[in-house]
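Enquirer: For the protein sequence lines, the chains are A and B, in the order given. Using the numbering used here, the first residue of the first sequence is number -9, and each one after it goes up by one. Using the numbering used here, the first residue of the second sequence is number -9, and each one after it goes up by one. Have a look at this one.
2 protein chains.
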Amino acid sequence: MRGLPLADERHQERADAARNRMRLLEAASRLVAERGAEHVTMEAVAVAASVGKGTVFRRFGDRVGLMRALLDHAEREYQETFLSGPPPLGPGAPAVERLEAFGVATLRHLMKYTDLYLEAEQCSKRRYAVPARAVRVTHVAVLLREAGVTGDIELLAEALLGYLDTALIDYLRSERNLSAERLEVGWVEFVARVTRR
Amino acid sequence: MRGLPLADERHQERADAARNRMRLLEAASRLVAERGAEHVTMEAVAVAASVGKGTVFRRFGDRVGLMRALLDHAEREYQETFLSGPPPLGPGAPAVERLEAFGVATLRHLMKYTDLYLEAEQCSKRRYAVPARAVRVTHVAVLLREAGVTGDIELLAEALLGYLDTALIDYLRSERNLSAERLEVGWVEFVARVTRR
DNA sequence: CACATAAGCGGACTGCGGTCCACTTGTGGC
DNA sequence: GCCACAAGTGGACCGCAGTCCGCTTATGTG
Chain A
-9 MRGLPLADER HQERADAARN RMRLLEAASR LVAERGAEHV TMEAVAVAAS VGKGTVFRRF
51 GDRVGLMRAL LDHAEREYQE TFLSGPPPLG PGAPAVERLE AFGVATLRHL MKYTDLYLEA
111 EQCSKRRYAV PARAVRVTHV AVLLREAGVT GDIELLAEAL LGYLDTALID YLRSERNLSA
171 ERLEVGWVEF VARVTRR
Chain B
-9 MRGLPLADER HQERADAARN RMRLLEAASR LVAERGAEHV TMEAVAVAAS VGKGTVFRRF
51 GDRVGLMRAL LDHAEREYQE TFLSGPPPLG PGAPAVERLE AFGVATLRHL MKYTDLYLEA
111 EQCSKRRYAV PARAVRVTHV AVLLREAGVT GDIELLAEAL LGYLDTALID YLRSERNLSA
171 ERLEVGWVEF VARVTRR
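Structure (structure tokens):
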């Protein structure tokens, strides 16, 4: 059980290691762009980056870790929009409006990176116990409280986030042919129902 | 793209095939009982049933199919309780009460077969496009309508079902240490909020 | 600059899910 | 009972995720 060397652990990472991380991320993102995330094998990434297969796993732990790393940048930007960006997404607007905007923004964000998210959420167990999700749950919980909602806020936040699941959204869109608009309106309605006092 | 020979397709299944299906299901359920679903390999099942590996796949399509087949009996019983069983779960009680009972029953059902469901829902894509889920969504939608809820019922039903996701429940219980009672109360509260007019 | 050593590397290897296909066998028609 | 043939079988085989471990190299210390 050794710690995975993460990019932001500042206690130094050897220069060659850092270089390989960059090469791998570049190679991976290129391959994902040209064949789609699900058709990219770990070995292909290794080869494209002129690096041994073991190195890929050493740097990113596993396939899911690599996909997450690819999403990292976009995820950060997205998080900033609702944590510290301008209203109505960021602080400043009334809680319910922020909640509405949050869902819509999340839907768009997920739809933009669907295949990467699907790959990054592969394994049932690890879909939930993940920082990105924790951030969203907390955010929703805070807004619910701010909106004066009473009861088991923590659980209610989890329930709301159920609507914003990548695989669900993808299924509703591609299997059931629901439009993005309908999903967005659905979220706003949903929030209205839940926050209604 | 050929049709998978399902147990209930009455247009005959050869005697030996039926026998092998039984042997496989027995072997699989024994192995799952003794080592847990996640430690059962397809090959082990084949060996335990004294059958070739190819036969396992021919009968059940893939690992997910086998797990679903194992769940089939329990799933049917569970479905019957809310489709045609006695109130408040079955028909006869007011819609909102049935909805509350449905969630509680579902939580208990999922908690009872957690590891099997986790295996059976492995792949993101196929978690949603599945008969069992469709039945639940429809049921919830019908009850919502009956309860006089207006708006995009279909979508609202999907949103409610997000709460009843095996992996979510498992995460909340084992990772966040929420008690079964709290989850059940949470459902009832959630339903109350959503159906409140 | 030389050295010690921890960090990194890479590719052979393992295990598993899933496919393939040449061979066997049950079945319904005669 | 026999025959034709669709249905079924099984195990060799494939591709990929992930591990292992002996070798290499960057680094900071004297």
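The beta carbon of each residue, even a glycine, is placed where N, CA and C say it ideally should be. This one's a predicted model, so the numbers in the text were calculated from it and none came from an experiment.
(1) For ARG(-8) (chain A), I'd like the list of residues in its chain whose CB is within less than 8 angstroms of its CB, leaving aside the five on either flank, ordered along the chain.
(2) Are any of the Cβ atoms in chain B nearer than 8 angstroms to that of VAL132 (chain A)?
(3) For the alpha helix (DSSP H) containing THR191 (chain B), list its first residue and its last residue.
(4) Is the distance from the Cβ of LEU150 (chain A) to the Cβ of VAL125 (chain A) below 8 angstroms?
(5) So LEU89 (chain A) contacts chain B; which residues on that side make the cut at Cβ distance below 8 angstroms?
(6) Nearest by alpha-carbon distance to ALA122 (chain A): which of A:LEU162, A:GLU70, A:ALA83 is it?
(7) When DSSP labels each residue in this structure, what does ALA137 (chain B) get in the three-state scheme?
(8) Can you have a look at ALA91 (chain A) and say buried or exposed, based on whether 16 or more other CB atoms are within 10 angstroms of its CB?
(9) Between TYR161 (chain B) and chain A, is there a C-beta pair that is closer than 8 angstroms?
(10) First and last residue of the alpha helix (DSSP H) that includes ALA110 (chain A)?
(11) Do ALA27 (chain A) and TYR118 (chain B) count as a contact pair if the criterion is CB distance below 8 angstroms?
(12) Are the beta-carbon atoms belonging to ALA59 (chain A) and TYR103 (chain A) less than 8 angstroms from one another?
(13) Please classify SER74 (chain A): is it buried, with 16 or more other beta-carbons within 10 angstroms of its beta-carbon, or exposed?
(14) VAL170 (chain B) by DSSP, collapsed to three states: which one?
(15) Classify SER114 (chain B) as buried or exposed, calling it buried when 16 or more other Cβ atoms lie within 10 Å of its own Cβ.
(16) What residues match up with PRO81 (chain B) in a beta bridge as DSSP calls it?
(17) If contact means a Cβ-Cβ distance below 8 angstroms, which residues of the stretch 102 to 126 of chain B contact chain A?
(18) How would you list, in chain order, the residues of chain A whose beta-carbon sits under 7 angstroms from the beta-carbon of TYR153 (chain B)?
(19) Check whether the Cβ of VAL184 (chain B) lies closer than 8 angstroms to any Cβ atom in chain A.
(20) What whole-angstrom Cβ distance do VAL46 (chain A) and MET57 (chain A) have, given they're in contact under 8 angstroms?
Expert: In brief:
(1) Note on ARG(-8) (chain A): pLDDT 38, under 50, position unreliable in the model; no value is reported.
(2) no
(3) There is simply no residue 191 (chain B) to check, as chain B begins at -9 and stops at 187 in what is shown.
(4) no
(5) Simply none; closest approach about 14 angstroms.
(6) A:GLU70
(7) coil
(8) buried
(9) Yes, TYR161 (chain B) lies at the interface with chain A (some Cβ there is under 8 angstroms from its Cβ).
(10) 104 to 110
(11) no
(12) no
(13) exposed
(14) It is Ala, not Val, that sits at residue 170 (chain B) in the sequence shown. It is helical.
(15) buried
(16) B:ALA83
(17) LEU108, GLU111, GLN112, CYS113, SER114, LYS115, ARG117, TYR118, ALA119
(18) ALA149, GLY152
(19) Taking Cβ atoms only, chain A reaches closer than 8 angstroms to VAL184 (chain B), which makes this a yes.
(20) Not a contact, Cβ separation roughly 12 angstroms.
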